[in-house]
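Residue numbers (my numbering), protein chains in the order written: chain A, 249 to 362; chain B, 461 to 579.
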């Protein structure tokens with residue numbers, strides 16, 4: 249157990265639907281990062297939050313949104329789902345907002361859109 | 461857009477062999493380079509974080525070096541064991557602004573090197 253908890257582990261849903269992925273960072277970590285890994289793609293950065301505020305944005309689609317709550321857990325909302333959104337979604341956390349320390353990754357949520 | 465390249469894409473070695481992989485990146489605006497090990501069905505695990513040119517880090521049989529002036533990092537595994545079989549990822553953070561502010565937290569990952577160690 250890395251200390252980063254992601255739920256659910258697996259999710260199967262239909263096109264056009266909306267889902268929410270949840271991440272609880274490791275205790276003491278203030279920053280949360282979301283990454284997407286599609287088939288044959290590397291880890292693609294989506295978005296970073298630090299202590300409740302958005303810090304950096306990557307190639308995140310407008311249909312996707314995220315937030316970090318006062319208790320530091322984060323949610324990634326994916327709406328109007330398309331087949332191409334099927335992927336493994338990872339959450340990672342770190343103690344600060346800069347890359348001075350290694351990130352701790354969760355076990356991921358595998359999303360399948362049918 | 462940062463371009464982080466890793467080579468080779470995959471590598472098969474025999475138990476006991478030593479091996480090394482390369483991570484290449486743009487040398488301008490360098491901030492930090494990370495190495496991760498990603499075993500099948502698990503999540504990526506941090507190996508090293510390097511920030512200074514000439515940095516050398518070691519963890520057991522695995523070590524890494526960094527050259528920020530020429531934009532590359534090497535990961536070495538001495539005496540490979542079957543349990544070293546995994547995908548090894550490097551990731552880069554560059555200095556610079558980002559929409560809405562400055563972020564030194566965004567990691568751009570390479571595609572990884574898949575290592576298979578045969579008994």
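Cβ coordinates follow ideal geometry from the N, Cα and C atoms, glycine included.
Everything numeric in this text was worked out from a predicted model, so none of it was measured.
Output, in chain order, the set of chain A residues within a Cβ distance shorter than 7 Å of residue i.
i, result
"residue 474 of chain B", "Result: empty, since nearest Cβ-Cβ is about 27 Å, beyond 7 Å."
"residue 491 of chain B", "347"
"residue 504 of chain B", "353"
"residue 481 of chain B", "In chain order: nothing, as chain A lies at least about 15 Å away."
"residue 580 of chain B", "Because chain B in this structure spans residues 461 to 579, residue 580 of chain B falls outside the shown range and cannot be described."
"residue 553 of chain B", "347"
"residue 514 of chain B", "Ordered by position in chain A, no residue passes the 7 Å Cβ test against residue 514 of chain B, which lies about 17 Å from the chain."
"residue 572 of chain B", "290"
Alpha carbon to alpha carbon, how far is residue i from residue j?
i, j, result
"residue 484 of chain B", "residue 317 of chain A", "37 Å"
"residue 309 of chain A", "residue 347 of chain A", "24 Å"
"residue 268 of chain A", "residue 251 of chain A", "20 Å"
"residue 503 of chain B", "residue 311 of chain A", "26 Å"
"residue 570 of chain B", "residue 493 of chain B", "11 Å"
"residue 548 of chain B", "residue 355 of chain A", "17 Å"
"residue 262 of chain A", "residue 358 of chain A", "14 Å"
"residue 345 of chain A", "residue 265 of chain A", "32 Å"
"residue 551 of chain B", "residue 295 of chain A", "16 Å"
"residue 290 of chain A", "residue 302 of chain A", "23 Å"
"residue 470 of chain B", "residue 277 of chain A", "33 Å"
"residue 558 of chain B", "residue 288 of chain A", "Legend: pLDDT at residue 558 of chain B = 48, less than 50; position of this residue unreliable, no value from coordinates given."
"residue 315 of chain A", "residue 282 of chain A", "11 Å"
"residue 575 of chain B", "residue 482 of chain B", "13 Å"
Ignore the nearest five residues each way along the sequence and tell me which others in residue i's own chain have a CB closer than 7 Å to its CB.
i, result
"residue 542 of chain B", "475, 577 and 579"
"residue 286 of chain A", "335"
"residue 328 of chain A", "264 and 311"
"residue 465 of chain B", "484 and 570"
"residue 517 of chain B", "508, 510, 523 and 524"
Taking C-alpha atoms, which residue in the options lies nearest to residue i?
i, options, result
"residue 499 of chain B", "B/554, B/463 and B/545", "B/545"
"residue 362 of chain A", "A/271, A/331 and A/293", "A/331"
"residue 300 of chain A", "A/280, A/293 and A/313", "A/280"
"residue 321 of chain A", "A/258, A/261 and A/272", "A/272"
"residue 513 of chain B", "B/489, B/540 and B/522", "B/489"
"residue 305 of chain A", "B/574, B/567, B/575 and B/516", "B/567"
"residue 297 of chain A", "A/334, A/313 and A/255", "A/313"
"residue 509 of chain B", "B/539, B/540, B/525 and B/467", "B/525"
"residue 258 of chain A", "A/352, A/351, A/353 and A/337", "A/337"
"residue 477 of chain B", "B/555, B/536 and B/573", "B/536"
"residue 325 of chain A", "A/351, A/352, A/353 and A/284", "A/284"
"residue 519 of chain B", "B/573, B/479, B/511 and B/538", "B/538"
Run through chain B and tell me which residues come within less than 9 Å of residue i, C-beta to C-beta.
i, result
"residue 338 of chain A", "503 and 504"
"residue 279 of chain A", "565"
"residue 356 of chain A", "503"
At a threshold of 7 Å, does residue i count as lining the ligand ATP (C-beta to nearest heavy atom)?
i, result
"residue 261 of chain A", "Among the components modelled here there is no ligand, and therefore nothing to report on the ligand ATP."
Among the residues of its own chain, which have a CB less than 6 Å from the CB of residue i, if the five just before and after it don't count?
i, result
"residue 564 of chain B", "491 and 553"
"residue 270 of chain A", "255 and 323"
"residue 506 of chain B", "496"
"residue 260 of chain A", "360"
Looking only at its chain, what residues have a beta carbon closer than 8 Å to the beta carbon of residue i, apart from the 5 residues adjacent to it on each side?
i, result
"residue 349 of chain A", "342 and 343"
"residue 530 of chain B", "487"
"residue 462 of chain B", "485, 486, 552, 554 and 568"
"residue 480 of chain B", "534, 535, 536 and 537"
Could you work out which residues of chain B lie near residue i, taking near to mean beta carbons separated by less than 8 Å?
i, result
"residue 286 of chain A", "Here the premise fails: no neighbours, minimum Cβ distance about 12 Å."
Residues of chain B with CB closer than 7 Å to the CB of residue i, please, in chain order.
i, result
"residue 350 of chain A", "494, 506 and 509"
"residue 250 of chain A", "503"
Ranges of the beta strand (DSSP E) found wholly within the stretch 268-313 of chain A, counting only runs of at least 3
Entirely contained in the stretch 268-313 of chain A, the beta strand (DSSP E) runs reaching 3 residues are, in chain order, 279-285, 292-298 and 301-305.
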